[in-house]
Each structure stands twice: as structure tokens, then as C-alpha cells.
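Using my numbering, you'd call the opening residue of the sequence shown number 3 and step up by one each time.
For every residue, glycine included, the Cβ atom is placed at its ideal position computed from N, Cα and C.
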Amino acid sequence: MLNKLNVESVDVKGKRVLVRCDFNVPLNDKQEITDETRIVAALPTIQYLVNNGAKVILCSHMGKPKGNPVPELSLAPVAKRLSEKLGKEVVFAADDNVVGDNAKAAVAAMNEGDVVLLQNTRYRAEETKNVEAFSKELASLADLFVNDAFGTAHRAHCSNVGVTEYIKPAVAGYLIEKEIKFLGNAVNSPVRPLVAILGGSKVSSKISVIENLLKKVDKLIIGGGMAYTFFAAQGKTTGTSLLEPDYIEYAKKMLDEAGDKLVLPVDTVIAEKFDNDAPSKVVEGNIPDGWMGLDIGPKSIENFKAVLADAKTVVWNGPMGVFEMSNFAKGTNEIAALLAELDATTVIGGGDSVAAVNKAGLGDKMSHISTGGGASMEFLEGKDLPGIVALTDAE
Ligand code: AMP
3 MLNKLNVESV DVKGKRVLVR CDFNVPLNDK QEITDETRIV AALPTIQYLV
53 NNGAKVILCS HMGKPKGNPV PELSLAPVAK RLSEKLGKEV VFAADDNVVG
103 DNAKAAVAAM NEGDVVLLQN TRYRAEETKN VEAFSKELAS LADLFVNDAF
153 GTAHRAHCSN VGVTEYIKPA VAGYLIEKEI KFLGNAVNSP VRPLVAILGG
203 SKVSSKISVI ENLLKKVDKL IIGGGMAYTF FAAQGKTTGT SLLEPDYIEY
253 AKKMLDEAGD KLVLPVDTVI AEKFDNDAPS KVVEGNIPDG WMGLDIGPKS
303 IENFKAVLAD AKTVVWNGPM GVFEMSNFAK GTNEIAALLA ELDATTVIGG
353 GDSVAAVNKA GLGDKMSHIS TGGGASMEFL EGKDLPGIVA LTDAE
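Next comes the structure, spelled out in C-alpha cells:
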């Protein structure tokens, strides 16, 4: 459970409430939003505040303008889309200083239930350095602070951490609460058996996740490119597959320590080139010279399904193969389809597995899809997230 105050624990009526959202949405070259997931995820908190008579001042970063007012990274398109979603005007406080005269005037003119969106907080170089002056400027606009940006909760910036020094209380929004509830319960108080599935390209980027999860799970399934370093540790040949030689010893140690808790692929879809149209075949065990593993094979899929069949909680991070190429997407898609049918809490934590589940059209069949790639990874590593730690304790 999240032991922090939430939006319902404070009286918001008539108050100026600064809400840190994660509106870091992808745009195309015409500055059109190509995926509104994060905007939709922010709506419950915004709607609650509007309905309860708050003056709602929204802020977020978008992309990496690196302290410059880069017009292509303006939040103006977000204000427009948000207005459509809420069915009411969201005033965009266009202001290269974020908290400049325009923003101050827009806030001063607010009535209860009004919504203002500030400009991209990363237009200010201080933002990512958590500099006091900008935190104070943000805080000066409001009486209360709500953090609902799970996607940046693993960073300590002005708009999610610094600002909490100057506005109290600082409370959690519904999205942060939901993320922590699902990820937290899954990892710390799961209904068992708990099975984690890890995939993606590298062992090196997921070592802390592997170590933390091994302490908690009943089974840890490993697929994707990271499996081949484990193959090498088992003494198998890996051809031209992704391999991190520096981590083979580490993988051996993990295999020794984890025993049958670790479940690895037994067969592999291999190809001669990293190309969707390259001739491919399935091999068991060794991967021959000149061939690379690009997906888990059919026996591995069956084995993984057997392990998952009685799972009551599943956490998944990282694809089982190069799912971006249709000929090597089967392992990932079959796991996604199985999770969609499973009578279990299914939590999709981060990045490419989210993309894979959505691509398969199965997003609404999962219990929870995390909106924060990096933040959910750090959570799975067992780290405290500064954006959450900074909020006011419930008791
Ligand atoms: P990550 O960001 O570490 O979660 O890795 C995700 C990426 O891993 C995706 O772009 C996949 O295409 C890639 N990936 C998964 N399996 C393989 C593989 N067998 N060979 C090369 N890349 C892979």
C-alpha cells in the first residue's frame, strides 16, 4: 500500500492545485499526438479536481529540450487534446519561462473548476537539476501539490520533488496510486504463485531487476536476446546471437543460485541475418555458427505456458524475441495471448512489452499496464522512487 496522502485526503475546493502529470507523449513531425495513452491515464485525477472545485494547474515535461524553448516540444498540442478529452477548455499558458508573466496571469484569472496547462517544464534548464529557484517559482503558483507523473517518479526534478519542499501537503494522484498498488502488490505481497517474465536485449541492463525479482518470485522466465548469455553459461554455442561475454560468469552464478526457479528457453528460432525475410529455422540447444537467435522456439513457448498456467500473479518486462519483425514475434505474441486469458493479476511493466501487448490489441485484457518504463524498472529493482518518497506521509 502507498502510505502517502492522496487527492481525496485534502480539501481542494477553491484551492490552486499544481498537478505534475506525465504528458510526455509521442508527436509526429506535424506535432500531432500519435499515442494519447498518457493523457488518458491522467484524466481521473484532473476530472476529480475539476469536479471538486479546484483551480487545476497542470505541468509536465515533454522530450528533451535541454533547457531551451524548443517550439517542437511545446505542450500546446496536449492542451488541445486534453480540452477535447475533458470536454472543457484547458487554457495553455504559453510561456518560455514556464512560470513567467503569462503563466502567472493565466493562474490569477482562474475560477473554481478551471484548468490551465503550463509550458514544458524542461524549457527551464533548472528542472532536471532540481534547482531550488525554479521549484520555488512553481510552488508560488499553488496552494497544494499533486504528483500523478509515474513516468518520472524515478527522477528527482523541480516539478516532482523540489516543489514538494515548498508546497505542503504534496499528495499522490490516482495514477500514481494505481501504479504503486499493482506493481507494489505484485512484487511485495503477491497472490502466489508469482511468475516474472523478463526479456529484451541485454542482461546487463536488467541485472538489478533479475536479482531483486529472484528473491521474490516462484519462477523467473527469461527470454529474448538476454537468454543467450545464459545459454553460454550453460555451455551452449550461441552463433551470432546477442551475447554479453562479460556477463557469462554472472549468468553462471545466477543459474547456480536460482536452480529451477530460473526457466530458460530450450529451443530457438534462428536466422542467418537480422532481417525479417532471412531464411529461418528452429533448433534445440546449440545455435550453430553463422546463425542468430531471434525468437524463442515452440517447445519453449509450451514450457513457459506450463509454468504460467497456475500463476496467480505475473509481472512481464521485455519481449521474447525481435517482436518488431513479424516472423520473430510469435513467442512474444503467444505469451501476450496467454496472459490475456490467464485467471491471474497480470502486470505489464514498462517499455517494449507494453508496445507488444498493445500491438497485439490485448491492452485491455491485462490487469495493469504501467505508464512508466524507467520508473517501473526501478520499482522492479526494489529501489525507492524519489517522486513518491517526496510526498506527504499518510500518518
Ligand atoms: P529492452 O529495451 O532491453 O527491453 O529490449 C527490447 C528489444 O530487445 C526489442 O527491440 C527487441 O527487438 C530486442 N530483442 C528481443 N529479443 C532479441 C533477440 N533475440 N535478438 C536481438 N534483439 C532482441
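Shortest alpha-carbon distance to residue i belongs to which of the options?
| i | options | result |
| --- | --- | --- |
| Val356 | Pro388, Lys332, Val317 | Val317 |
| Ile371 | Ala396, Lys180, Ala313, Asn288 | Lys180 |
| Pro267 | Val173, Gly287, Ser369, Ser210 | Gly287 |
| Thr334 | Thr239, Gly225, Phe233 | Gly225 |
| Leu29 | Arg22, Cys23, Arg40, Val19 | Arg40 |
| Cys23 | Leu77, Ala253, Thr347, Leu341 | Leu77 |
| Glu139 | Ser161, Val118, Ile390, Arg157 | Ser161 |
| Asp279 | Ile169, Ala313, Ala331 | Ala331 |
| Thr123 | Leu146, Lys90, Pro73 | Pro73 |
| Pro388 | Asn360, Val163, Val58, Tyr230 | Val163 |
| Val205 | Val19, Ala396, Gly320, Val14 | Gly320 |
| Ala392 | Leu222, Pro171, Ile199 | Pro171 |
| Ile57 | Lys66, Thr47, Thr240 | Contrary to the premise, residue 57 reads as Lys rather than Ile in this sequence. When only C-alpha atoms are compared, the closest one is Thr47. |
| Ala235 | Lys254, Gly241, Glu304, Ser243 | Lys254 |
| Val2 | Tyr176, Ala135, His156, Leu185 | The requested residue 2 does not occur in the structure, where the chain is confined to residues 3 to 397. |
| Glu91 | Asn99, Asp103, Ala108 | Ala108 |
| Val399 | Glu34, Gln33, Tyr50 | Because the chain spans 3 through 397 in this model, residue 399 falls outside it and cannot be assessed. |
| Ala377 | Met64, Ile223, Ile182, Thr394 | Ile182 |
| Ser142 | Ala151, Ala158, Gly153, Ala110 | Ala110 |
| Leu340 | Leu20, Ala362, Glu114 | Ala362 |
| Leu177 | Phe25, Tyr125, Val93 | Phe25 |
| Ile354 | Asp103, Val93, Met379, Ser369 | Reading off the sequence, residue 354 comes out as Asp, not Ile. The shortest Cα separation from Asp354 among Asp103, Val93, Met379, Ser369 belongs to Met379. |
| Val284 | Thr270, Trp293, Phe381 | Thr270 |
| Leu344 | Leu310, Asn54, Arg157 | Leu310 |
Assign residue i to buried or exposed, taking buried as 16 or more other Cβ atoms, counted over all protein chains shown, within 10 Å of its Cβ.
| i | result |
| --- | --- |
| Lys208 | buried |
| Thr36 | exposed |
| Asp262 | exposed |
| Lys68 | exposed |
| Asp97 | buried |
| Arg194 | exposed |
| Pro290 | exposed |
| Asn190 | exposed |
| Val349 | buried |
| Phe1 | An answer regarding residue 1 cannot be provided, because it is not within the stretch 3 to 397 covered by the chain. |
| Val42 | exposed |
| Gly399 | Missing from the structure shown is residue 399; the chain here goes from 3 to 397 and no further. |
| Phe1 | In the structure as shown, the chain starts at 3 and stops at 397, and residue 1 therefore has no counterpart that could be examined. |
| Asn70 | exposed |
| Pro247 | exposed |
| Ala426 | Residue 426 cannot be examined here, being either before or after the span of the chain that is shown, 3 to 397. |
If you measure from the CB of residue i, is any heavy atom of the ligand AMP nearer than 7 Å?
| i | result |
| --- | --- |
| Leu296 | yes |
| Glu326 | yes |
| Gly353 | yes |
| Leu222 | no |
| Leu382 | no |
| Gly365 | no |
| Leu244 | yes |
| Ser206 | no |
| Pro267 | no |
| Gly201 | yes |
| Pro321 | yes |
| Gly227 | yes |
I'd like to confirm the pairing. Which residues does DSSP put opposite residue i in its beta bridges?
| i | result |
| --- | --- |
| Ile199 | Ile223, Trp318 |
| Asp269 | Glu286 |
| Asn8 | Ala174 |
| Val93 | Val118 |
| Cys61 | Arg22 |
| Thr348 | Val316 |
| His370 | Val349 |
| Ile303 | DSSP, once it has assigned bridges, lists no residue as partnering Ile303. |
| Asn149 | Arg22, Ala174 |
| Asp297 | Val271 |
| Ile212 | Answer is none; Ile212 lacks a bridge partner. |
| Thr240 | Ile289 |
| Asp395 | Lys6 |
| Leu264 | Leu222 |
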